[in-house]
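**Q** Sharing a structure below in structure tokens format, with a few things to ask.
Numbering (the numbering used here), first residue to last: 1 to 389.
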């Protein structure tokens, strides 16, 4: 008969490493799971390294039964979320939990209940999760798409978690979808005509980013993003320190050909960012860069001696058009032009054959229409849940 479940409060660096190891222990047998780099997982939880802590605070908990770690959870409050308008999902009384793992429903119930208790003590009356740990990190629980591995910076969860979370009284708040497509095939004739028309328009310029001007280009993309996404559900402005942090971490998978900026009469008004799927390159490293993982990863990132990685999948994590152009034909035209140019270079220069776009809010009609027009289909669904405490 199983013993009582106790909750251990994470405090030290050693405790955080123990917290990280639980994810490895509970998922290692799942062939679709991709082990994160342990150094990145630790950095995520470390104030002074992860700039999320400039506007959020967190506690981490481990479930222990019969002397064995059997689950984990975070409970946290993002002060930017508290300031988010109610129509976008925010509120002064909304806290989050995430980084959830459990061996069974009994453990899940205790962990979620403990996180809820922490949020109540912090004055929260509603819990939204899983958010691990920012909306810009790994939001939502994977409820569709367990048959294939996630792409870079996308989460993966045991399919049993859906029923366990719902049994704890949680209901759907929002679904976030990813779309996949075969990028070796040309787009439908209508899209090709739209692209060709844009190429004849002297007002339009679609340019590659210049990685040599990384800071300036990142700031430009951030300014477009914060304008383009500002009315979206769940939107939290990305701070300058966060863009610097993410930029530094992801700089090795930034390539000029895979990020485009659209200009109209010289004004930057839209962008599209694409990354080679880093998960393909690090899946067999089991989270460890040392002693030999770093050499393998660098070799793969550089495609041997070619300077470009050879990957099957490209992920489009971010795309945006300034609000003043949204819902116009020009906005769609710019989007299709950027997608086509990046699609072509992804195949020709990186050997990719598959694209993944997202996440995309289920009710973002503009992006859903674009995804439908290029004949992509939903391959993964991440659900964000909510509950009144």
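Yeah, the Cβ is synthetic: ideal placement off N, Cα and C, and Gly gets one too.
Small disclaimer: the values here were computed from a predicted structure and weren't measured.
1. Within 10 angstroms of its Cβ, does residue 51 collect 16 or more other Cβ (buried), or is it exposed?
2. Please classify residue 228 as buried or exposed, where buried requires at least 16 other C-beta atoms within 10 Å of its C-beta.
3. In angstroms with no decimal places, state the Cα-to-Cα distance between residue 45 and residue 16.
4. If you count every other CB in all the chains shown that lies within 10 Å of the CB of residue 38, and 16 or more means buried, which is it?
5. Bridge partners for residue 90 per DSSP, in chain order?
6. Mind checking which residues open and close the beta strand (DSSP E) that includes residue 380?
7. DSSP on residue 395, reduced to helix/strand/coil?
8. Under the three-state reduction of DSSP, which class applies to residue 393: helix, strand or coil?
9. Return the Cβ separation of residue 237 and residue 253 in integer angstroms, given the expectation that the two are a contact with Cβ distance under 8 angstroms.
10. In the DSSP assignment, find the alpha helix (DSSP H) that holds residue 275 and state where it starts and stops.
11. Whole-angstrom Cβ separation of residue 29 and residue 149, contact assumed at under 8 angstroms?
12. Determine the burial state of residue 320: buried for a count of at least 16 other Cβ atoms within 10 Å of its Cβ, exposed for fewer.
13. With residue 189 as the anchor, note down where its beta strand (DSSP E) starts and where it stops.
14. Roughly how many angstroms lie between the CA atoms of residue 234 and residue 141, to the nearest whole one?
15. So, helix, strand or coil for residue 186, using DSSP?
16. Whose C-beta lies closer than 6 angstroms to the C-beta of residue 274 among residues of the same chain, with five residues either side of it excluded?
17. Under DSSP, the alpha helix (DSSP H) around residue 61 begins and ends at which residues?
18. Applying the criterion that 16 or more other CB atoms from any shown protein chain within 10 Å of the CB defines a buried residue, is residue 207 buried or exposed?
19. Would you call residue 203 buried or exposed, if buried means 16 or more other Cβ atoms sit within 10 Å of its Cβ?
20. Based on Cα-Cα distance, which residue from 59, 361, 389, 374 lies nearest to residue 380?
**A** Result, derived from the coordinates:
1. Flag for residue 51 reads buried.
2. By the neighbour-count rule (16 or more Cβ atoms within 10 Å), residue 228 is buried.
3. Using only the alpha carbons, I get a separation of about 8 angstroms.
4. A residue is called buried when at least 16 other Cβ atoms come within 10 angstroms of its Cβ; residue 38 meets this threshold and is buried.
5. In the DSSP secondary-structure assignment, residue 90 is not bridged to any residue.
6. Taken as a continuous stretch (DSSP letters only), the beta strand (DSSP E) holding residue 380 covers 377 to 388.
7. Nothing can be reported for residue 395: it is not among the residues displayed for the chain, which extend from 1 to 389.
8. The shown model of the chain, from 1 to 389, leaves out residue 393, and the question about it has no answer.
9. About 24 angstroms separates the two Cβ atoms, so there is no contact after all.
10. No alpha helix (DSSP H) holds residue 275; the beta strand (DSSP E) holding it covers 267 to 276.
11. Contact between residue 29 and residue 149 does not hold, since their C-beta atoms are separated by about 14 angstroms, which reaches or exceeds 8 angstroms.
12. Within 10 angstroms of the beta-carbon of residue 320 lie 16 or more other beta-carbons, which makes it buried.
13. In the DSSP assignment, residue 189 falls outside any beta strand (DSSP E) and within the unbroken alpha helix (DSSP H) covering 189 to 199.
14. Spanning the two alpha carbons is a distance of roughly 15 angstroms.
15. The answer is coil: DSSP assigns residue 186 none of H, G, I, E or B.
16. Only 258, 314, 316, 342 meet the Cβ criterion.
17. Per DSSP, residue 61 belongs to no alpha helix (DSSP H); it is in the beta strand (DSSP E), 56 to 65.
18. Exposure of residue 207 is indicated by the presence of fewer than 16 other C-beta atoms within 10 angstroms of its C-beta.
19. Exposed, by the Cβ-count rule.
20. When only C-alpha atoms are compared, the closest one is 361.
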